[in-house]
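Rendered as structure tokens:
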């Protein structure tokens, strides 16, 4: 079942907030968006938990920022009354490069104590054509 349009917009906003430098560089904001049991299977194949993710994003703030990724094919699907699956394709151009990298992304958001938090995220590289 797909989430109704207002909620799809909410999940688009939540998901893409984690792309923005002002959120990524704030441990408090990231901690608020990620559940304590958060786990990520990264595009690189590495596995991250909440604390590792917060630290990695904070360290990222001292390096040059790549342009924000372009988001396409965004879909939010209701898995249960308090769990939503988000899927989309992101494309990001490397800073100073014409080459872009596409990634298929999926996230699971769960309502916890009256707020939506991400409990899982996965990035799968799209092979270059």
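Numbering (UniProt numbering), first residue to last: 1 to 129.
Just so it is clear, CB atoms sit at the ideal spot from N, CA and C, and this is done for glycine as well.
7 Å CB neighbourhood of residue 69 in its chain, flanking five on each side removed: Here the question's residue 69 lines up with position 69 in the chain shown. Listed in chain order, the non-local C-beta contacts of residue 69 below 7 Å within the same chain comprise 19, 90, 91 and 92, local neighbours out to five positions each way being set aside.
What distance in whole Å lies between the Cβ atoms of residue 125 and residue 43, which are believed to be in contact at a cut-off of 8 Å? Taking the first residue of the chain shown as 1, we reach residue 43 at position 43. Taking the first residue of the chain shown as 1, we reach residue 125 at position 125. In this structure residue 43 touches residue 125 by the C-beta definition: roughly 6 Å separates them, less than 8 Å.
Is residue 31 helix, strand or coil when you go by DSSP? Counting from one through the chain shown, the residue named residue 31 turns up at place 31. It is helical.
For residue 78, write down the residues that DSSP places opposite it in a beta bridge. For the purposes of this step, residue 78 is taken as residue 78 along the chain shown, with counting starting at 1. For residue 78, which the question treats as bridged, DSSP gives the partners 84.
Taking all protein chains shown into account, do 16 or more other C-beta atoms lie within 10 angstroms of the C-beta of residue 109, making it buried, or fewer, making it exposed? Here residue 109 is taken as the residue at index 109 of the chain shown, counted from 1. With 16 or more Cβ atoms within 10 Å of its Cβ, residue 109 is classed as buried.
So what does residue 49 bridge to, in DSSP terms? Residue numbering aside, residue 49 sits at position 49 when the chain shown is read from its first letter. As computed with DSSP, residue 49 is found in a beta bridge with 39.
With a threshold of 16 other CB atoms inside 10 Å of the CB of residue 107, please say whether the residue is buried or exposed. For the purposes of this step, residue 107 is taken as residue 107 along the chain shown, with counting starting at 1. Residue environment: residue 107 is assigned as buried (16 or more neighbouring CB atoms within 10 Å of its CB, all protein chains considered).
Based on DSSP bridge pairs, tell me the residues matched to residue 57. For the purposes of this step, residue 57 is taken as residue 57 along the chain shown, with counting starting at 1. The beta-bridge partner set that DSSP reports for residue 57 is empty.
Does the Cβ of residue 76 have 16 or more other Cβ atoms within 10 Å, making it buried, or fewer, making it exposed? As a position in the chain shown, residue 76 is number 76, starting the count at 1. That one is buried.
Strictly by DSSP, which residues pair up with residue 108? Numbered from its first residue, the chain shown carries residue 108 at position 108. Per the DSSP secondary-structure output, residue 108 pairs in a beta bridge with 85 and 120.
List the DSSP bridge partners of residue 101. One-based indexing of the chain shown puts residue 101 at position 101. Looking at the DSSP assignment, residue 101 forms a beta bridge with 92.
Pairwise C-alpha distance: residue 48 and residue 56: As a working note, residue 56 is residue 56 in the chain shown. As a working note, residue 48 is residue 48 in the chain shown. If you take the alpha carbons of residue 56 and residue 48, they lie about 9 Å apart.
Beta-carbon gap between residue 15 and residue 88 smaller than 9 Å: If you number the chain shown from 1, residue 15 lands on position 15. If you number the chain shown from 1, residue 88 lands on position 88. Between residue 15 and residue 88, the C-beta spacing is below 9 Å.
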